[in-house]
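Engineer:
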Amino acid sequence: MKNQSITNNIDWISIIIYVLLVILGWLNIYSSSLSSMEDTYEKQLIFIVLTIPLIFIILSVDGKFYEKYASIIFGISLLTLAGLFLFGKTIAGQRCWYAIGSFTIQPSEFAKAATALALAKYLSDTQINLKEVNRQIQALAIILLPVILILPQPDPGSALIYSIFIIVLYREGLPSWYVWTGFITILLFVLTLILEPQYVILIGLATLVLVHFKSRLADRNIILSSILFVIISGFVLSVNYVFENVFKQHHRDRFNILLGKTVDLKGIGYNTNQSEIAIGSGGWIGKGFLEGTQTKGGFVPEQHTDYIFTTVGEEWGFAGSLVVIALFAGLFLRIIYLAERQKTKFSRVYGYCVAGILFTHFFVNIAMVVGIFPTIGVPLPFFSYGGSGLWGFTILLFIFIKMDANKVNEW
Amino acid sequence: MRKVLLPSLIILATSLLVIRIFYLQIVDDTLKLKSENNAIKKKYEFPERGYMYDRKGKLLVANQASYDIMVIPREVKNTDTLEFCQLLNITKEDFIKKIEKAKIYSPRLPSVFLSQLNKSEFAAFQEKIRKYEGFYFQKRSLRDYEVDFGANIFGSITQVNEKLVAKNPYYNSGDLIGRQGVEESYEDLLRGIKGVKYIQKDKYNREIGSYKEGKYDTIAIQGEDINLTIDAEIQKYGEELMINKRGGIVAIEPKTGEILALVTAPSYDPGILVGRQRSKNYTELYRDSIAKPLYDRGLLAEYAPGSPFKILTGLIALQEGVIDANTTVFCNRGFSYARGRFMGCHCHGGALQLHRGIFESCNSYFATAYMKTINKYSKPAQAVDIWNNHAKSFGLGQFMGYDLPTGKRGKIPSSKTYKRMYPNGGWRSTAIVSNSIGQGEVVMTPIQLANMMATVANEGYYYTPHIIKKIEGHKIDEKFTTKHVTTIDKKHFKPIISGLFDVYNLGTARSLRVEGIDICGKTGTAENFTRIGGVKVKLEDHSIFVAFAPKDNPKIAIAVMVENGGYGATIAGPIASLMIEKYLRQKITRIDLEKRILATSLQSRYAKLGGLSEAVKLQIRISDSLLKKKTIIPAVKVKTDTTKSNKQAI
Numbered sequence: 017m018k019n020q021s022i023t024n025n026i027d028w029i030s031i032i033i034y035v036l037l038v039i040l041g042w043l044n045i046y047s048s049s050l051s052s053m054e055d056t057y058e059k060q061l062i063f064i065v066l067t068i069p070l071i072f073i074i075l076s077v078d079g080k081f082y083e084k085y086a087s088i089i090f091g092i093s094l095l096t097l098a099g100l101f102l103f104g105k106t107i108a109g110q111r112c113w114y115a116i117g118s119f120t121i122q123p124s125e126f127a128k129a130a131t132a133l134a135l136a137k138y139l140s141d142t143q144i145n146l147k148e149v150n151r152q153i154q155a156l157a158i159i160l161l162p163v164i165l166i167l168p169q170p171d172p173g174s175a176l177i178y179s180i181f182i183i184v185l186y187r188e189g190l191p192s193w194y195v196w197t198g199f200i201t202i203l204l205f206v207l208t209l210i211l212e213p214q215y216v217i218l219i220g221l222a223t224l225v226l227v228h229f230k231s232r233l234a235d236r237n238i239i240l241s242s243i244l245f246v247i248i249s250g251f252v253l254s255v256n257y258v259f260e261n262v263f264k265q266h267h268r269d270r271f272n273i274l275l276g277k278t279v280d281l282k283g284i285g286y287n288t289n290q291s292e293i294a295i296g297s298g299g300w301i302g303k304g305f306l307e308g309t310q311t312k313g314g315f316v317p318e319q320h321t322d323y324i325f326t327t328v329g330e331e332w333g334f335a336g337s338l339v340v341i342a343l344f345a346g347l348f349l350r351i352i353y354l355a356e357r358q359k360t361k362f363s364r365v366y367g368y369c370v371a372g373i374l375f376t377h378f379f380v381n382i383a384m385v386v387g388i389f390p391t392i393g394v395p396l397p398f399f400s401y402g403g404s405g406l407w408g409f410t411i412l413l414f415i416f417i418k419m420d421a422n423k424v425n426e427w
Numbered sequence: 003m004r005k006v007l008l009p010s011l012i013i014l015a016t017s018l019l020v021i022r023i024f025y026l027q028i029v030d031d032t033l034k035l036k037s038e039n040n041a042i043k044k045k046y047e048f049p050e051r052g053y054m055y056d057r058k059g060k061l062l063v064a065n066q067a068s069y070d071i072m073v074i075p076r077e078v079k080n081t082d083t084l085e086f087c088q089l090l091n092i093t094k095e096d097f098i099k100k101i102e103k104a105k106i107y108s109p110r111l112p113s114v115f116l117s118q119l120n121k122s123e124f125a126a127f128q129e130k131i132r133k134y135e136g137f138y139f140q141k142r143s144l145r146d147y148e149v150d151f152g153a154n155i156f157g158s159i160t161q162v163n164e165k166l167v168a169k170n171p172y173y174n175s176g177d178l179i180g181r182q183g184v185e186e187s188y189e190d191l192l193r194g195i196k197g198v199k200y201i202q203k204d205k206y207n208r209e210i211g212s213y214k215e216g217k218y219d220t221i222a223i224q225g226e227d228i229n230l231t232i233d234a235e236i237q238k239y240g241e242e243l244m245i246n247k248r249g250g251i252v253a254i255e256p257k258t259g260e261i262l263a264l265v266t267a268p269s270y271d272p273g274i275l276v277g278r279q280r281s282k283n284y285t286e287l288y289r290d291s292i293a294k295p296l297y298d299r300g301l302l303a304e305y306a307p308g309s310p311f312k313i314l315t316g317l318i319a320l321q322e323g324v325i326d327a328n329t330t331v332f333c334n335r336g337f338s339y340a341r342g343r344f345m346g347c348h349c350h351g352g353a354l355q356l357h358r359g360i361f362e363s364c365n366s367y368f369a370t371a372y373m374k375t376i377n378k379y380s381k382p383a384q385a386v387d388i389w390n391n392h393a394k395s396f397g398l399g400q401f402m403g404y405d406l407p408t409g410k411r412g413k414i415p416s417s418k419t420y421k422r423m424y425p426n427g428g429w430r431s432t433a434i435v436s437n438s439i440g441q442g443e444v445v446m447t448p449i450q451l452a453n454m455m456a457t458v459a460n461e462g463y464y465y466t467p468h469i470i471k472k473i474e475g476h477k478i479d480e481k482f483t484t485k486h487v488t489t490i491d492k493k494h495f496k497p498i499i500s501g502l503f504d505v506y507n508l509g510t511a512r513s514l515r516v517e518g519i520d521i522c523g524k525t526g527t528a529e530n531f532t533r534i535g536g537v538k539v540k541l542e543d544h545s546i547f548v549a550f551a552p553k554d555n556p557k558i559a560i561a562v563m564v565e566n567g568g569y570g571a572t573i574a575g576p577i578a579s580l581m582i583e584k585y586l587r588q589k590i591t592r593i594d595l596e597k598r599i600l601a602t603s604l605q606s607r608y609a610k611l612g613g614l615s616e617a618v619k620l621q622i623r624i625s626d627s628l629l630k631k632k633t634i635i636p637a638v639k640v641k642t643d644t645t646k647s648n649k650q651a652i
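Top to bottom, those sequences are chains H and S. If you're matching positions, the first sequence starts at 17 in this note's numbering and goes up one per residue. If you're matching positions, the second sequence starts at 3 in this note's numbering and goes up one per residue.
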């Protein structure tokens, strides 16, 4: 047992998908960097090469290490986030980097893995029952701590990712009304932006009346229904108020663009319009590697980071986009499958977190690029340019691969 | 249930993304198009337009370099504004205004600062241009007219209109295109084919290199040079003769159908429609609804031809066998063709045969011949259609198919015409007898008259008149080398031609004889009317003359029409005979006649036409300054300095 190879029992399927995604990501960064004078593709190559020792270290560490030191890792991670307020470097209005010489590092990319470890550790305690309200509060606190530190940087994109932990908690026994509330909240928010508030309130009322009379006589509770109605009305009206008065103009614009209410192709709509043009011009099989006219022209802003998928769309077409999306979906489902196979609650919860975090990044990023989600800065895992991102996701994934490989060793 | 939520969410979200990407890439075509416009700039290289020569190889239309001064506002630095403005002959206010305008368009992109400077305007500036940062120049090619006549033949170059841009993929907004005249009808040959360079742009619209190493680029193909059938000498002479008159001259070489001269008056120097003045001048010419300088009277003016039509009446009657050369008609200074209907006649009266009928232009004779033709058949409708068919074989009553972009059909009535005019029927030869002397429902254009004379000169055939003589490396359109044979037998032309010959010797044009040239001709006067205050008023007749010469082996057929010129022999006749003499002899012996015609001005007569408002009169005065007034045009400039040497496609 002592001298077993670190590659023993590791899940090759996940690793192959990971390698493929990293290679494809680099090819697209290479293509998009040709339009700029920057040597982003060279830097990214260095980042990729450096993941090899990183992976080696992660796989070499004893599987129990992460569970044992989860709290400490989380604590350190929170400290690095808090430290940004004192020592952080501001780039493009966001104070989310530490600068060491010309090298910058973004701690929020690593905080996700730390939070996942902490949450897994907390839930792995057999005493924990998420039906209890205190436990719910404690679990939510773990999630909200890093969010509170990240939001004011400001980095709403990274903060948004943490919402997926609700799904993880649900898997581990959080009452379903949390999920429903979340779902209905989002639905009401979008509806209110599209329709007039009074119509949304009417729809809410109609639904409540329907539910009230459809449910069994014993369950009918006129007071609860009334309270719900008041809450819904209040929420709908406040959405309108928040949207008009609390949101800043650029936030409003992002939603308005998405809803087709404003067409301002030169200003705020530029990004989305350009990325849609680039993807749309790809057709079935794309224009070919390095042949993307939009990519070469550098029309899409931030193409090597958040908008890297436009290069896939333009140069590799629908076929290429489908392959990349399938690889991602395959990886997520594989991780969930592996998580469900875990013998310890700790590694199961962690695996779930990994799948959730990667999926949220993937969905928010591509949905934004194809114009069905507001513009928000979230990288595409393994694809987008950036060392912190790549390493953060690699650490996140490979800790789980190590846990999965280790499961046979735990009695 | 709890295990299923995340995988379901993943599958649902992924499907949503795939559907959206499918929509963007496959369903929505507009995005693809946008990307092309966005990232690839097409840079065009315009070939130089083909030159035009006359039938003898004399250069008529060449090209000249013109210069646009361009500015990139952001790069303008330390300009010595005073000197700069002096060099370009603009004021400081202009300078500031133009820079501001360019800035509004884009501080980063070039815009036109001053357009279409000619060589001399540009020369001084050229030496110093390097001193002025942010300014550079762009060379363009404009027409350079080597002659000051032929504006109606050449047409001009203008910016293509948006309607055509939408219809014809060759043209882009701002491209130049030939309008009217030869420039329009031979546009495809003259313009050449522009070359395209595909340039990859970045988001700032900056060029970052050739797209796919120039795989799709094409080289500009030079426009073809063409020779026109025009004889520069008589074209110029014709325009001079027509100064201060309104009307048209068409001269055709009978053996080939080549148009030797196509004159319309009033006319203007084609050079005024080039460069910076074009738009202003064109508007003025266009708005002159009185003198209509843009209206090519040789091709477009439709008149009742009057007496020259008697030639056809005679030919048709001969062909139908209702008369022969000896058929005698008694003219009583007129002709009583029905009870109470009398057609007057200016001939000397008495018994006359076809020959005298022609040279004395006897109305009675041809009215009789016409009625005989119509009455030959039991039904007048049938007869009119047979007559119509004969007349149409001379190219009348239809577009002739010549290679200039404007034209009119003219009109030869048929049974249908009369069915419409007399819905209840009952019309007979008497009702339509005016056709016999070129009035009634007969309408012709000067080019149709000239073509009729060419057909008579050829004794029964013609070639479709055309303006193109030679295109290097191409054959001219087959339809111009296809003989059209009329329905009249060759033998019937002899008596008619001898009659036409005696028009000069004994008849209406005997004062216009040219010693040593046998001319066959026919005078004509076309009545015309206008409405002044709702009352139909008869105006001075249009003076018409048709001729060909020499009688044997004819070299030129000509039709001259002078609006309100009066009797055919007073103005149109002299012009025709001078033109013929000039063409056949290259010099004029009858100096007095030439002088008289050059000095004749009908302007006072035209001024009396219609009650014009003060505004219109003012407009006439303005536009008149553009029209040719001087009686003697200076000798044709021979320019050696053309841009021909740079003509190789770059």
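Here a beta-carbon is modelled for each residue, glycine too, at the ideal position from N, C-alpha and C. No experiment lies behind these values; they were computed from the predicted model shown.
Using a Cβ distance threshold of 8 Å, determine whether the stretch 398-409 of chain S contacts the stretch 182-202 of chain S, with at least three qualifying pairs required.
Structural biologist: Yes: the two stretches touch, three or more of their Cβ pairs being nearer than 8 Å.
Engineer: Below 8 Å on the Cβ atoms is my contact criterion, and I expect T510/S with S363/S to pass it. Report the Cβ-Cβ distance as a whole number of Å.
Structural biologist: For the purposes of this step, residue 510/S is identified with residue 508 of the second sequence, where counting begins at 1. For the purposes of this step, residue 363/S is identified with residue 361 of the second sequence, where counting begins at 1. Between S363/S and T510/S the Cβ distance is about 6 Å, and since that is below 8 Å, they are a contact.
Engineer: Could you tell me the distance, in whole angstroms, from the CA atom of K199/S to the CA atom of L306/H?
Structural biologist: Sequence index remark: in the second sequence, residue 199/S carries index 197 (1-based). Sequence index remark: in the first sequence, residue 306/H carries index 290 (1-based). Straight-line Cα distance between these residues: approximately 20 Å.
Engineer: Please go through the same chain and pick out, in chain order, the residues whose beta-carbon is closer than 6 Å to the beta-carbon of F81/H, but skip the five residues on each side of it.
Structural biologist: For the purposes of this step, residue 81/H is identified with residue 65 of the first sequence, where counting begins at 1. Closer than 6 Å at the Cβ level, and outside the excluded window around F81/H, lies no residue.
Engineer: Beta carbon of L178/S, beta carbon of I195/S: below 8 Å?
Structural biologist: As a first step, residue 178/S must be located in the second sequence, where it is residue number 176. As a first step, residue 195/S must be located in the second sequence, where it is residue number 193. No, Cβ-Cβ distance for L178/S and I195/S is not below 8 Å.
Engineer: Just to confirm, are K553/S and C522/S a CB contact at a threshold of 8 Å?
Structural biologist: Within the second sequence, residue 553/S is the residue found at index 551, counting from 1. Within the second sequence, residue 522/S is the residue found at index 520, counting from 1. Yes, the pair counts as a contact, with Cβ atoms nearer than the cut-off.
Engineer: Report buried or exposed for Q128/S, applying the criterion of at least 16 other Cβ atoms within 10 angstroms of its Cβ.
Structural biologist: The count along the second sequence starts at 1 and reaches residue 128/S at position 126. So Q128/S counts as exposed.
Engineer: Among A335/H, Q290/H, L40/H, L135/H, which residue has its Cα nearest to the Cα of K84/H?
Structural biologist: Mapped onto the first sequence, residue 84/H falls at position 68. The option with the nearest alpha carbon to K84/H is L135/H.
Engineer: Taking the alpha carbon of R598/S as the reference point, which residue from G308/S, I28/S, T572/S has its own alpha carbon closest?
Structural biologist: As a position in the second sequence, residue 598/S is number 596, starting the count at 1. Checking every option, the nearest Cα to that of R598/S belongs to T572/S.
Engineer: Among F124/S, D82/S, F151/S, V63/S, whose alpha-carbon lies nearest the alpha-carbon of L144/S?
Structural biologist: Here residue 144/S refers to the residue found at position 142 of the second sequence. Of F124/S, D82/S, F151/S, V63/S, the residue nearest in Cα terms is V63/S.
Engineer: Tell me the rounded alpha-carbon separation between P395/H and K128/H.
Structural biologist: As a first step, residue 395/H is located in the first sequence; it is residue number 379 there, counting from the start. As a first step, residue 128/H is located in the first sequence; it is residue number 112 there, counting from the start. The alpha-carbon atoms of P395/H and K128/H are separated by roughly 13 Å.
Engineer: So, using beta-carbon positions, are T266/S and G300/S closer together than 8 Å?
Structural biologist: Stepping through the second sequence from its first residue, residue 266/S is reached at position 264. Stepping through the second sequence from its first residue, residue 300/S is reached at position 298. Against a cut-off of 8 Å, the Cβ pair of G300/S and T266/S comes out as a contact.
Engineer: Whose C-beta lies closer than 6 Å to the C-beta of R364/H among residues of the same chain, with five residues either side of it excluded?
Structural biologist: Along the first sequence, read from residue 1 onward, the residue named residue 364/H stands at position 348. Counting only Cβ-Cβ distances below 6 Å, and skipping sequence neighbours, we find A355, Q358.
Engineer: Cutting at 6 Å between CB atoms, please list the residues of its own chain near N229/S, excluding the five before and the five after it.
Structural biologist: If you number the second sequence from 1, residue 229/S lands on position 227. Around N229/S: Y55, K471, K472.
Engineer: Under the assumption that Q605/S contacts N170/S (Cβ atoms under 8 Å), give the Cβ distance between them as a whole number of angstroms.
Structural biologist: Numbered from its first residue, the second sequence carries residue 605/S at position 603. Numbered from its first residue, the second sequence carries residue 170/S at position 168. The pair is not a contact, with the Cβ atoms about 42 Å apart (cut-off 8 Å).
Engineer: Following the continuous alpha helix (DSSP H) through R151/H, name the residue where it begins and the one where it ends.
Structural biologist: Taking the first residue of the first sequence as position 1, residue 151/H is located at position 135. Residues 149-166.
Engineer: Write down every uninterrupted run of the alpha helix (DSSP H) in the stretch 409-456 of chain S whose length is 4 residues or greater and which is fully enclosed by it, in chain order.
Structural biologist: Complete alpha helix (DSSP H) runs here, min 4: 417-423.
Engineer: Beta carbon of I177/H, beta carbon of T376/H: below 8 Å?
Structural biologist: Locating residue 177/H in the first sequence gives position 161, where the first residue counts as 1. Locating residue 376/H in the first sequence gives position 360, where the first residue counts as 1. The answer is yes: Cβ separation under 8 Å.
Engineer: Skipping 5 residues on each side, what residues in its chain have a beta carbon closer than 7 Å to that of R411/S?
Structural biologist: Stepping through the second sequence from its first residue, residue 411/S is reached at position 409. So the list reads G399, Q400, F401, once near-sequence residues are dropped.
Engineer: Determine the closest residue to Y297/S out of Y270/S, P310/S, L314/S, with distance taken between C-alpha atoms.
Structural biologist: Here residue 297/S refers to the residue found at position 295 of the second sequence. Closest option to Y297/S, Cα to Cα, is Y270/S.
Engineer: Relative to the alpha-carbon of Q110/H, which residue among V386/H, P168/H, I144/H, I153/H has its alpha-carbon at the smallest distance?
Structural biologist: Here residue 110/H refers to the residue found at position 94 of the first sequence. Of the candidates V386/H, P168/H, I144/H, I153/H, the one whose C-alpha sits nearest the C-alpha of Q110/H is P168/H.
Engineer: Inspect the beta-carbon positions of Y372/S and T432/S and report whether they are closer than 8 Å.
Structural biologist: Taking the first residue of the second sequence as 1, we reach residue 372/S at position 370. Taking the first residue of the second sequence as 1, we reach residue 432/S at position 430. Their beta carbons are not under 8 Å apart, which means Y372/S does not touch T432/S by this criterion.
Engineer: Measure the CB-CB distance between H494/S and L354/S and report whether it falls below 8 Å.
Structural biologist: Indexing the second sequence from 1 puts residue 494/S at position 492. Indexing the second sequence from 1 puts residue 354/S at position 352. Not closer than 8 Å, so no.
Engineer: Mark Q214/H as exposed unless 16 or more other C-beta atoms lie within 10 angstroms of its C-beta, in which case mark it buried.
Structural biologist: As a first step, residue 214/H is located in the first sequence; it is residue number 198 there, counting from the start. Per the 10 Å Cβ criterion, exposed.
Engineer: Using the three-state DSSP reduction, which class does Q400/S fall into: helix, strand or coil?
Structural biologist: For the purposes of this step, residue 400/S is taken as the residue at position 398 of the second sequence. Coil at Q400/S, not helix or strand.
Engineer: Spatial neighbours of V35/H within its chain, please: C-beta separation below 8 Å, excluding the five flanking residues on both sides.
Structural biologist: Along the first sequence, one-based indexing puts residue 35/H at 19. The answer is none, since no qualifying residue turns up.
Engineer: At what residues does the beta strand (DSSP E) containing L262/S begin and finish?
Structural biologist: Translated into positions along the second sequence, residue 262/S becomes position 260. Its beta strand (DSSP E) spans residues 260-267.
Engineer: For P415/S and N437/S, which I take to be in contact (beta-carbon distance under 8 Å), what is that distance rounded to the nearest angstrom?
Structural biologist: Counting from one through the second sequence, the residue named residue 415/S turns up at place 413. Counting from one through the second sequence, the residue named residue 437/S turns up at place 435. The pair is a contact, with the Cβ atoms about 7 Å apart (cut-off 8 Å).
Engineer: Any residues in the stretch 213-238 of chain S with a beta carbon nearer than 7 Å to a beta carbon of chain H? Which ones, in chain order?
Structural biologist: Residues passing the 7 Å Cβ filter: none.
Engineer: Check for me: the alpha helix (DSSP H) holding H228/H runs from which residue to which?
Structural biologist: Here the question's residue 228/H lines up with position 212 in the first sequence. From DSSP, the alpha helix (DSSP H) with H228/H extends over 213-230.
Engineer: Taking the C-alpha atoms as reference points, what is the distance between W28/H and L61/H?
Structural biologist: Position 12 of the first sequence, counted from the start, is the residue given in the question as residue 28/H. Position 45 of the first sequence, counted from the start, is the residue given in the question as residue 61/H. Looking at the two C-alpha atoms, the distance is approximately 23 Å.
Engineer: Y186/H versus chain S: which residues are under 7 Å apart at the beta carbon?
Structural biologist: Here residue 186/H refers to the residue found at position 170 of the first sequence. Near Y186/H (Cβ distances below 7 Å), the residues of chain S are R4, L7.
Engineer: Taking 6 Å as the limit between beta carbons, can you name the residues of its chain near M454/S, skipping five residues before and five after?
Structural biologist: Locating residue 454/S in the second sequence gives position 452, counting from the first residue. Hits under 6 Å: F396.
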